[in-house]
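So the structure is just underneath, and the comments pick up after that.
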Amino acid sequence: MARINPEFSKELKKYGGFDLNACYNCGNCTAVCSLSTSENSFPREMVRYSVLGLESEIETSLNPWLCYYCGDCSSTCPREADPGELMMSLRRWLTGKYDWTGLSGLIYRSLTASIIAFVVVAIGVIAFAYAQAFNLETILHIGHYFEMFAIGGVFAIILLPNIIHMWYLTILKPKTKVSLKTYIKSIGDLFVHMFTQKRTLGCDDNKTRWFEHFILVIGYLSLLFTTVFLDWFSAQNLFIILLGYVESAIVFTVTIIFVSGRIQKKKEVSQRSQPSDWFFVIGLLLMGLTAFIVRLFIDLNILDNNVWMYLFHLIILAQWALIIVPFGKWTHFLYRSFAMYFDKLKTLEGVYNE
Ligand code: SF4
Ligand code: SF4
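Residue numbers (my numbering): 4 to 357.
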């Protein structure tokens with residue numbers, strides 16, 4: 004039996020701004036959405052579920068993740084109900100639902116909680132550097148190990164259990180029978196969507212946006228590989244040094260485009276930026292930029308006298324690894340890829356033909 008939460012629309016408002024009551028159910032949004040299909044019809048259905056407070060229908064649905072936020076539905080909604088932003092808010096709400104710690108939901112709902120978390124992490128990094136008497140060599144060394152343990156720890160302790168929870172809600176709870184063969188056969192789809200986000204190309208006029216995202220994902224992941232596994236800040240190999248410069252420059256250049264897009268608000272998708280959107284783009288920009296400058300300082304032999312620069316980078320890195328990746332908007336990258344995978348499982352098992 005469907006669970007109804009009469010307070011759902013109030014709760015959802017904490018995850019983004021839109022007017023649910025403005026919708027008069029005309030269906031125009033679904034008609035204009037180039038990603039909506041007869042098997043996965045949205046966003047009108049999600050607007051209805053939200054108005055009615057059908058929480059269990061929403062938490063077991065993959066549809067919020069199948070929207071790539073082109074904004075066409077919002078710009079053509081006759082009632083200005085902003086269904087595109089509703090889909091975005093549902094993604095934030097779902098992120099909070101999947102997260103076993105409850106911190107994701109808290110960070111999305113409360114700007115104060117987010118600021119406190121960022122400040123606590125920054126103080127922690129400064130206290131750590133103080134305990135090491137601001138010795139650059141030690142801080143660099145431990146900072147490098149922190150990167151490795153943060154990646155492994157955050158994935159094993161936070162992200163993996165949350166993905167299992169997402170799987171439980173969207174596959175197990177609706178009693179979808181999926182054979183082991185189908186899981187294995189479809190696994191390639193997970194990685195294709197993760198690295199290419201190719202579904203964005205299905206949105207009209209989205210080729211530039213897809214390309215920017217694609218370059219950013221590749222730049223970000225390869226920078227991560229270069230700093231963590233090739234130890235960029237200690238590298239002597241010219242190829243590795245240049246590779247890191249190019250990757251970090253890609254990351255901060257592309258994110259500057261995203262930040263300016265959000266400031267200018269020219270596109271529908273940039274009309275309503277929530278604090279979590281700002282934390283994500285600014286965090287990514289500063290990660291790329293500070294990594295670039297730290298390596299430049301190393302090559303100019305001036306980092307020893309400017310330890311504060313590495314400390315600044317380490318603060319951004321720690322905030323990114325301990326807040327934005329496990330609890331913030333970064334998770335959308337992961338959940339969206341798994342949603343595409345789970346959707347493929349459902350398609351192959353004929354769930355949509357029943
Ligand atoms: S959100 Fe707008 S376009 Fe969609 S059904 Fe409601 S009124 Fe119509
Ligand atoms: S924002 Fe774009 S992809 Fe998402 S529901 Fe609206 S029209 Fe479809």
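We put the CB at the ideal spot given by N, CA and C, even for glycine.
Exercise for the section: Please classify Thr211: is it buried, with 16 or more other beta-carbons within 10 angstroms of its beta-carbon, or exposed? Expected result: exposed
Exercise for the section: Determine the DSSP secondary structure at Leu57, reduced to helix, strand or coil. Expected result: strand
Practice task
Report all residues from its chain with a CB closer than 6 Å to the CB of Ile7; omit the five preceding and five following residues, and keep chain order.
Solution key: Gly56
Problem - 6 Å CB neighbourhood of Ala132 in its chain, flanking five on each side removed - result: Ile142 and Leu314
Handout entry: Which residues DSSP lists as bridging Ile7, in chain order
Key = Leu57
Practice task
Ignore the nearest five residues each way along the sequence and tell me which others in Ser225's own chain have a CB closer than 8 Å to its CB.
Solution key: Leu246 and Glu250
Problem - Assigned exposure category for Met151 - 16 Cβ within 10 Å defines buried - result: exposed
Exercise for the section: Give the C-beta separation of Gly222 and Val257 to the nearest angstrom, bearing in mind that I take them to be a contact with Cβ-Cβ under 8 Å. Expected result: 7 Å
Problem - Closer than 7 Å: Asn308 CB and nearest ligand 1 heavy atom - result: no
Handout entry: Where Gly222 falls: helix, strand or coil (DSSP)
Key = helix
Problem - Contact set for Arg265: own chain, Cβ-Cβ below 6 Å, skip 5 residues either direction - result: Ser273 and Ser276
Handout entry: Sequence ranges, alpha helix (DSSP H) only - wholly within the segment 161-200, length at least 4
Key = 163-170 and 183-199
Practice task
Just the C-alpha distance for Phe194 and Ser77, rounded to the nearest angstrom, thanks.
Solution key: 30 Å
Exercise for the section: For the segment 129-158, list the alpha helix (DSSP H) runs that are entirely contained and at least 4 residues long, ordered along the chain. Expected result: 139-157
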